[in-house]
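Numbering (the numbering used here), first residue to last: 38 to 275. A virtual CB, placed ideally from N, CA and C, is assigned to each residue, including glycine.
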Amino acid sequence: MPDDAAHPGDPAHPGAGPTSGTAPTPDAPTPDAPASDAPASGAPDSGVPDPGDEPEPRDAPTPDAPGSRGLDLPWAEGTFPPGTVAGRRHVWDALMGLALHEATHALASDDVPVGALVVGPDGQLLGVGRNRREETGDPTAHAEVLALRQAAATVGEWRLEGCTLVVTLEPCVMCAGALVLARVQRLVLGAWDPKAGATGSVWDLVRDQRANHAVEVVGGVREDECGRLLRDFFAAQR
Ligand code: ZN
Numbered sequence: 038m039p040d041d042a043a044h045p046g047d048p049a050h051p052g053a054g055p056t057s058g059t060a061p062t063p064d065a066p067t068p069d070a071p072a073s074d075a076p077a078s079g080a081p082d083s084g085v086p087d088p089g090d091e092p093e094p095r096d097a098p099t100p101d102a103p104g105s106r107g108l109d110l111p112w113a114e115g116t117f118p119p120g121t122v123a124g125r126r127h128v129w130d131a132l133m134g135l136a137l138h139e140a141t142h143a144l145a146s147d148d149v150p151v152g153a154l155v156v157g158p159d160g161q162l163l164g165v166g167r168n169r170r171e172e173t174g175d176p177t178a179h180a181e182v183l184a185l186r187q188a189a190a191t192v193g194e195w196r197l198e199g200c201t202l203v204v205t206l207e208p209c210v211m212c213a214g215a216l217v218l219a220r221v222q223r224l225v226l227g228a229w230d231p232k233a234g235a236t237g238s239v240w241d242l243v244r245d246q247r248a249n250h251a252v253e254v255v256g257g258v259r260e261d262e263c264g265r266l267l268r269d270f271f272a273a274q275r
């Protein structure tokens, strides 16, 4: 499974040129397609020296909605998230599927497979990230941080009010802090982390009354799949 993770247009190589928004499988309307390719073209680690050129994902096909940015997802029309419990569960499950897909790409660099994404208040995909600590040698290159950075770049400011961050593993202390600082409204997580989780397990930084912002937490979404991906990874390490 991890073999196909080495995608050529990877933003890890800034010199590889702008991936011209060509989805490899146009005939596959599965939600996997947009997460892995389209938003990754503006990855946060693509360097900062060129503020003038091509600021945003130009393949965002939403000219009709002024001011709206990001990639439309199939459920982004109308009310997001849905008002019913079943409707929400469907959306969280689908979004977690995108995060799981992103997580598998971390295997190519022998990084712990954690994937994250940020959707805006209207359900648009604003940012995607996966754990790249080994790949980049950056201790802060966690999936959540990278997804938040890309989302902030997409919307053009650091406040991500009304946004939802979806991640396959409960955030650590750093990432939980980043969620609060970014004013993220909601966290949807897959597997809990009883050893280092900071959103309910070991600590609960996102609902600390001393903070000036609280984050709604939806936990255990596709927990088995998210946990299995990690267990398989660590089992193979031994
Ligand atoms: Zn983290």
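Here the residues close to the ligand ZN, judged by CB distance below 7 Å to any of its heavy atoms, are His179, Glu181, Val182, Pro208, Cys209, Met211, Cys212 in chain order.
Exposure of Trp195 is indicated by the presence of fewer than 16 other C-beta atoms within 10 angstroms of its C-beta. Around Cys209, the same chain offers His179, Asp230, Ala233, Gly234, Ala235 as residues with beta carbons nearer than 8 Å, after the five sequence neighbours per side are excluded.
As for any alpha helix (DSSP H) of minimum length 4 sitting wholly inside the stretch 167-250, the runs are 170-173, 180-192, 210-218, ordered along the chain. One Cα belongs to Gly237, the other to Gly193, and the distance between them is close to 30 Å. By a beta-carbon distance limit of 8 Å, Ala143 contacts Val151. Their separation comes to about 7 Å. For the pair Thr173 and Arg167, the Cα-to-Cα distance works out to about 12 Å. In this structure, Met133 lies near Arg259, with their beta-carbon atoms less than 8 Å apart.
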